[in-house]
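Numbering (the UniProt record's numbering), first residue to last: 1 to 498. Below: the structure, in structure tokens.
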């Protein structure tokens, strides 16, 4: 690696330039091991991404289908008031955030091949149980609803941060964003599928003596369980243990990761490395990037059917009308990831995408008579979905690329989801039935959060660029610091991706 490359700057607004401690270029590594890197990446994508994408699609489907079930009579049959329903949504996120960091510690210890399918099977079982909650008078239906929503959150909390960390152990830093974004695109795809499935399953109302909303939970939960059981066969392990790569490919994977990050280091678990994540102000900025997005993200996914129904549409129409905004969001999430990766920058794309969502909420708030002009509000929903989902995908991939030290990164990924989803906890309480059809309070809070997101992203962009410039200058004055073993993200050779 030339000195010019090592000293190349990653300044405010410039494309990523991240030096590594390795003295071997990628071309030299490929020649040494006789491996075509592009072909290997395709092989990794084929063996790794479909599995985790399917698991996350089912995860998001199982957490958000409660919105579809509500339209089909869940709250009426269980004698749950609108405010009690909101509390049930809140309990999901409380369960979700409680063990985020701890779940990643377990993942690092027992491996993804066992852990990821097991946690999927767990939340699949709980999701199915939502369909058999009974009402025997009093608060029996309410108690059952509260318990299963909380336990669903506990079970689902392990998957997302686990997969983000898992992918960081296979791909180089520059390659992670697209994969994480593609993985997260399953969230919006789940919303689209959820609307279609709910529309179809609702016709089973009365089959076996069960209401349609029960069949939504039961069938989608059983599907999750079946996929989870098969996942024990198709989820790959860590690179050192995976069976689908040859020994030469394994050696090449280790070499290319060693030249780029810490993914091949044999780092034992230490609570001191967890503390490093807690003490790093940059980690907290990553947390608040997601926190300011999670409130609009989850309020949209959990309340969209109700928001559309409040515009005057029938239940079956509202179920189907949720599909197009989610489909657009899924497409744009992938497009943003590809373009952002190609240009090597994230912050400007997050800001632009978040601005798109801001326009959407301004349209929603500006429509003073949504029942007479439902098309205007529906247009606002398109803008909101098209802006929120790409921003979340890019924001969630940021610490996976910028936090070094395996345990520190695992803790940072878990912490980001924990702090981020506190926004979802707040969001579950602000869309009250009495506020429809304009939902001024809910839309206003979501709008304020999106504006704060732009402030946080801009601050993080400035800070990372400043640190990169300082390290460039230090490397120029003290060239001896460019030698030695990798020291994580405090290493003077480390350049943060902006």
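Just so you know, even glycine gets a beta-carbon here, dropped at the ideal spot from N, CA and C.
If you measure from the CB of residue i, is any heavy atom of the ligand MG nearer than 7 Å?
{"i": "residue 117", "result": "The ligand MG is absent from the structure shown, which contains no ligands of any kind."}
Can you give me the C-alpha to C-alpha distance between residue i and residue j, rounded to a whole angstrom?
{"i": "residue 122", "j": "residue 346", "result": "34 Å"}
{"i": "residue 472", "j": "residue 227", "result": "48 Å"}
{"i": "residue 69", "j": "residue 193", "result": "14 Å"}
{"i": "residue 465", "j": "residue 498", "result": "7 Å"}
{"i": "residue 77", "j": "residue 236", "result": "43 Å"}
{"i": "residue 569", "j": "residue 140", "result": "What is shown of the chain runs 1 to 498, which leaves residue 569 out entirely."}
{"i": "residue 292", "j": "residue 157", "result": "19 Å"}
{"i": "residue 433", "j": "residue 390", "result": "28 Å"}
{"i": "residue 125", "j": "residue 115", "result": "16 Å"}
{"i": "residue 406", "j": "residue 119", "result": "21 Å"}
{"i": "residue 73", "j": "residue 258", "result": "55 Å"}
{"i": "residue 450", "j": "residue 457", "result": "11 Å"}
{"i": "residue 215", "j": "residue 338", "result": "38 Å"}
{"i": "residue 360", "j": "residue 316", "result": "24 Å"}
{"i": "residue 185", "j": "residue 468", "result": "30 Å"}
{"i": "residue 445", "j": "residue 307", "result": "15 Å"}
{"i": "residue 188", "j": "residue 349", "result": "18 Å"}
{"i": "residue 99", "j": "residue 86", "result": "22 Å"}
{"i": "residue 137", "j": "residue 144", "result": "12 Å"}
{"i": "residue 127", "j": "residue 233", "result": "22 Å"}
{"i": "residue 439", "j": "residue 322", "result": "17 Å"}
{"i": "residue 199", "j": "residue 208", "result": "18 Å"}
{"i": "residue 488", "j": "residue 104", "result": "19 Å"}
Below 8 Å on the Cβ atoms is my guess for residue i versus residue j; work out the distance and round it to an integer in Å.
{"i": "residue 273", "j": "residue 408", "result": "5 Å"}
{"i": "residue 396", "j": "residue 180", "result": "6 Å"}
{"i": "residue 324", "j": "residue 370", "result": "18 Å between Cβ atoms; not a contact."}
{"i": "residue 283", "j": "residue 415", "result": "6 Å"}
{"i": "residue 142", "j": "residue 80", "result": "6 Å"}
{"i": "residue 454", "j": "residue 351", "result": "5 Å"}
{"i": "residue 63", "j": "residue 197", "result": "That belief does not hold up - the Cβ atoms of residue 63 and residue 197 are roughly 14 Å apart, past 8 Å."}
Within its chain, find whatever has a CB closer than 6 Å to the CB of residue i; leave out the 5 residues flanking it on each side and keep chain order.
{"i": "residue 67", "result": "302 and 305"}
{"i": "residue 91", "result": "146, 149 and 150"}
{"i": "residue 424", "result": "93, 294 and 298"}
{"i": "residue 499", "result": "In the structure as shown, the chain begins at 1 and stops at 498. Residue 499 is therefore absent and cannot be evaluated."}
{"i": "residue 253", "result": "239"}
Mind checking which residues open and close the alpha helix (DSSP H) that includes residue i?
{"i": "residue 306", "result": "281–309"}
{"i": "residue 230", "result": "212–234"}
{"i": "residue 499", "result": "Residue 499 cannot be examined here, being either before or after the span of the chain that is shown, 1 to 498."}
{"i": "residue 78", "result": "Residue 78 -> no alpha helix (DSSP H), and no H or E assigned at all."}
{"i": "residue 462", "result": "440–477"}
{"i": "residue 47", "result": "37–71"}
{"i": "residue 164", "result": "159–168"}
{"i": "residue 342", "result": "323–343"}
{"i": "residue 358", "result": "347–366"}
{"i": "residue 143", "result": "140–156"}
{"i": "residue 119", "result": "112–129"}
Under three-state DSSP, which class holds residue i?
{"i": "residue 496", "result": "coil"}
{"i": "residue 205", "result": "coil"}
{"i": "residue 500", "result": "Because residue 500 is not part of the residues shown, which for the chain are 1 to 498, the question remains open."}
{"i": "residue 435", "result": "helix"}
{"i": "residue 237", "result": "coil"}
{"i": "residue 264", "result": "Residue confidence for residue 264 is low, a pLDDT of 49 falling below 50, so the modelled location carries little weight; the figure read from the coordinates is stated next. Residue 264: coil per DSSP, three-state reduction."}
{"i": "residue 245", "result": "coil"}
{"i": "residue 21", "result": "Because residue 21 sits at a pLDDT of 43, beneath the cut-off of 50, its placement in the model cannot be relied upon, and the point is left open."}
{"i": "residue 412", "result": "helix"}
{"i": "residue 500", "result": "This structure gives no information on residue 500, because the portion of the chain shown stretches from 1 to 498."}
{"i": "residue 369", "result": "coil"}
{"i": "residue 254", "result": "helix"}
{"i": "residue 314", "result": "coil"}
{"i": "residue 488", "result": "helix"}
{"i": "residue 194", "result": "helix"}
{"i": "residue 11", "result": "Note that residue 11 scores a pLDDT of 39, beneath 50, so its modelled location is shaky and nothing firm can be said."}
{"i": "residue 183", "result": "helix"}
{"i": "residue 2", "result": "Reliability fails at residue 2, whose pLDDT of 38 lies under 50, so the model's placement of it is uncertain and no value is given."}
{"i": "residue 92", "result": "helix"}
Once the 5 residues before and after residue i are set aside, which same chain residues still bring their CB inside 8 Å of it?
{"i": "residue 363", "result": "376, 377, 379, 380 and 383"}
{"i": "residue 210", "result": "131, 204 and 218"}
{"i": "residue 167", "result": "48, 52, 176, 179, 180, 183 and 400"}
{"i": "residue 394", "result": "177, 181, 336, 337, 340, 346, 349, 350 and 353"}
{"i": "residue 459", "result": "285"}
For residue i, which residues of its own chain have a beta-carbon under 7 Å away from its beta-carbon, when the five flanking residues on both sides are left out?
{"i": "residue 435", "result": "441 and 442"}
{"i": "residue 113", "result": "235, 236 and 237"}
{"i": "residue 398", "result": "286, 289 and 346"}
{"i": "residue 312", "result": "371 and 374"}
{"i": "residue 386", "result": "328, 329, 332 and 356"}
{"i": "residue 354", "result": "387, 391, 450, 453 and 454"}
{"i": "residue 170", "result": "44, 48 and 239"}
{"i": "residue 249", "result": "35 and 40"}
{"i": "residue 220", "result": "61, 62, 65, 127 and 197"}
For chain B, find out if any of its Cβ atoms is closer than 8 Å to the Cβ of residue i; answer yes or no.
{"i": "residue 83", "result": "The chain inventory of the structure shown lacks chain B, comprising one protein chain alone."}
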